[in-house]
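In the working numbering, the protein residues as written are 21 to 774.
What follows is the structure, encoded as structure tokens:
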């Protein structure tokens, strides 16, 4: 046994207490969709996405709201059994009669939803666009609900031009009245907008505009009075009902009242961070509203900096539809013969880059898998594919559900780091220094709405007085000194412990950050293999407290495990407290022996190897035998103790063959990051390797057996310029095919609080 003490250093805030002020704002299908649609109530949806706004000082255009509508439409049709003809979309790209103006939105709500819906029908209303808040002309008095204390009413910002100080926004009170007029209780409202901040944050566009010195239009007040009269509601009765909560059903919102919902650039397209995450989750899981929100909160908060929430009837199935379809990664939306167009709605955002030319899917039917298709090209979430193994399938038709069989990870994958405008004349110096670090790419700013022409994972910047003031407004504490250099996330959240403590040059700062950047590169590559939703290996990971082994903090399982119905639907806190000892238990429910590796990434970006404990661990010790749980964090071997608040992520890799070479490199990277003070890892420094060595070894470890030779560095600069395999965007980029039958990579995120 080895006795060693590992400390997890965290430096970010705990989860914000859930507040509900935001909620005031508020034809062909496959056989599964056909089954859902038969003998069930009608399902009606109104989807609104506003990208284009008037060109004046109050507004700025958005780019992802039309994608949000597409995300919801494909999900509702192919996952929840909605008929295409029952879904009405109003977007900036539609003809004049379907533009998302104030009049068109209100008319559509009345005609498409209120007049058609019967008591047992299902209603979905989705809004993506700017949000705001206006002084409430009739504020609620003496309400114990804290959401009404600020005397404001949240609004949907429409593209109609304002008249002086009067704006045509649709108020939360109006939405409440419209929901009250629906004849069914099966109502879901999804809001991907906010009323905090505005403008941009890093490479994100913020979906809000200012409205605090403006007033609602006379037409808006008159419209509310008309509906109050029609519903026979006095002002006092309306105020009482609003104070009690949502009008009907459930409201799901992207962010807390003081947070900023993000419009994000993904791999070649924009979308709402919340809508994309929510719909991707719903392609995979059968959940009620409460469970769905609990599962997506950690990911949205970690990657995009805001916390989704829900209010109302959260114990009901999402969209009030009891669905019975398998987990789905993609669906055929247009097909004939052996050619098809796919919608990749079930693929996680951080994995999209691995679904280019050569990735494969199996076709799912009621008897299991039948047939196989291969991607020929991809643009955003749409891909062109060809049938390569028929099985029992004669041709590809719209509505067929697909599950991932293999992905193609680019062997020359790089971490993109944006160069902030604050660097000024030092930009070129920073670009050269960052680009000199293997597997990193420095990206300069561009003219336009978003700072960078492509997705960036981090931003190298100077802490400016303006940045610091904005962060203090968001109640962030222990901020770096003005003038110091360090890393931000793409949403302009400072990466903990990355900023210097005194004056230093740009070159010195990047030299100091190099070990951390190497760790970020390693974690970035590993995450490209995350396949909890698609792996065929039956593996389960549980996080619990050492002192309370029966208290589960978090749990995850591969799709195979969920198919076997061993995963409890219980909600877990994903939260521990400072000074608590914790551990992970990994169980192999398959009939054969696998191999185990486990890593941990803390909120500073630092990486450490949790298992195996020794850099020269024998292959035998990495075996994960059937139904023999492996405990990681037994205090007699490895003491995992959180000593400060923040976030953490455990990444567990289970494979059919050992990842012995990659583990050694990972341990070296972790040792580099901990080369000051207590050394948590014993490593033979004569075997020094770089993250590039790790990446090559790791990709070789997890690659398909179909490759005839290992990945080799093609040039002295250690890039893959001479590789032969053709990449997704053309050129010569070698790829590594990773099969769901060979590897399971699972992730558990958690919070440390006080």
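Backbone N, C-alpha and C define an ideal beta-carbon position, used for all residues, glycine too.
Query: Examine the Cβ distances between the region 105-123 and the region 70-79 and report whether three or more of them are shorter than 8 Å.; Result: yes
Query: Taking only three categories from DSSP, how would you classify residue 221?; Result: strand
Query: Check this for me: beta carbons of residue 366 and residue 390, under 7 Å apart or not?; Result: no
Query: Can you check the region 365-402 for any beta strand (DSSP E) of at least 3 residues that lies completely inside it and give the ranges in chain order?; Result: 380-385, 388-399
Query: Considering just the uninterrupted stretch of the beta strand (DSSP E) at residue 196, what are its terminal residues?; Result: Run containing residue 196: none in the beta strand (DSSP E); it sits in the alpha helix (DSSP H), 192-201.
Query: Measure the Cβ-Cβ separation of residue 223 and residue 464 and say whether it is below 7 Å.; Result: no
Query: Contact check, residue 594 vs residue 574 under 8 Å by CB: the rounded distance?; Result: 5 Å
Query: Tell me, which residues are paired with residue 428 by DSSP?; Result: 757
Query: Spell out a yes or no on whether the region 228-246 and the region 307-321 are touching, meaning 3 or more CB-CB pairs, one atom from each, closer than 8 Å.; Result: no
Query: Is it buried or exposed for residue 183, if we count other Cβ within 10 angstroms and need 16 for buried?; Result: exposed
Query: Could you tell me the distance, in whole angstroms, from the CA atom of residue 524 to the CA atom of residue 506?; Result: 11 Å
Query: Taking a contact to mean a Cβ-Cβ separation below 7 Å, would you say residue 153 touches residue 231 in this structure?; Result: yes
Query: For residue 130, name the three-state secondary structure that DSSP assigns.; Result: helix
Query: Quick one: which unbroken alpha helix (DSSP H) runs of 4-plus residues sit fully inside the region 296-345? Chain order, please.; Result: 309-324
Query: Just checking residue 192 against the ligand ADP - is the residue's beta carbon closer than 6 Å to any of the ligand's heavy atoms?; Result: Of the ligands one can find in the structure shown there are none, so the ligand ADP has no counterpart to examine.
Query: Can residue 605 and residue 651 be called in contact, C-beta distance under 7 Å?; Result: yes
Query: Would you check if the distance between the CB atom of residue 611 and the CB atom of residue 655 is smaller than 7 Å?; Result: no
Query: Is residue 772 near residue 625, with beta carbons less than 7 Å apart?; Result: no
Query: Just to confirm the assignment, what range does the beta strand (DSSP E) spanning residue 283 have?; Result: 282-285
Query: Checking 7 Å against the spacing of the C-beta atoms, do residue 331 and residue 422 come in under that value?; Result: no
Query: Starting from residue 540, trace the alpha helix (DSSP H) both ways and give me its first and last residue.; Result: 526-547
Query: DSSP three-state label for residue 243, please.; Result: helix
Query: In terms of residue numbering, what span does the alpha helix (DSSP H) encompassing residue 260 cover?; Result: 255-264
Query: Quick check: the region 548-563 against the region 424-434, are there 3 or more CB pairs under 8 Å?; Result: yes
Query: For residue 290, which residues from the same chain have a beta carbon less than 7 Å from its beta carbon, with the 5 sequence-adjacent residues on both sides left out?; Result: 83, 84, 87, 283, 284
Query: Mind checking residue 682: buried by the 16 CB within 10 Å criterion, or exposed?; Result: buried
Query: Measure the C-alpha to C-alpha separation of residue 179 and residue 239 and round it to an integer number of angstroms.; Result: 15 Å
Query: Could you spell out the range, first to last residue, of the beta strand (DSSP E) harbouring residue 765?; Result: 763-773
Query: To the nearest whole angstrom, what separates the beta carbons of residue 359 and residue 416, a pair I think is in contact under 8 Å?; Result: 7 Å
Query: Which stretch, first to last residue, makes up the beta strand (DSSP E) that contains residue 177?; Result: Residue 177 -> no beta strand (DSSP E), and no H or E assigned at all.
Query: On a CA-only basis, which of 455, 562, 247, 106 is nearest residue 581? Give me that one, please.; Result: 562
Query: Going along the chain, which unbroken runs of the beta strand (DSSP E) with 3 or more residues stay wholly within the region 423-481?; Result: 435-439, 460-463
Query: Quick check: the Cα distance between residue 661 and residue 621, rounded to an integer number of angstroms?; Result: 14 Å
Query: Kindly identify the DSSP beta-bridge partner or partners of residue 361.; Result: 354, 404
Query: Taking the alpha-carbon positions, what's the residue 368 to residue 297 distance?; Result: 8 Å
Query: Could you check how far apart the C-beta atoms of residue 361 and residue 404 are, in whole angstroms? I think they sit under 8 Å.; Result: 6 Å
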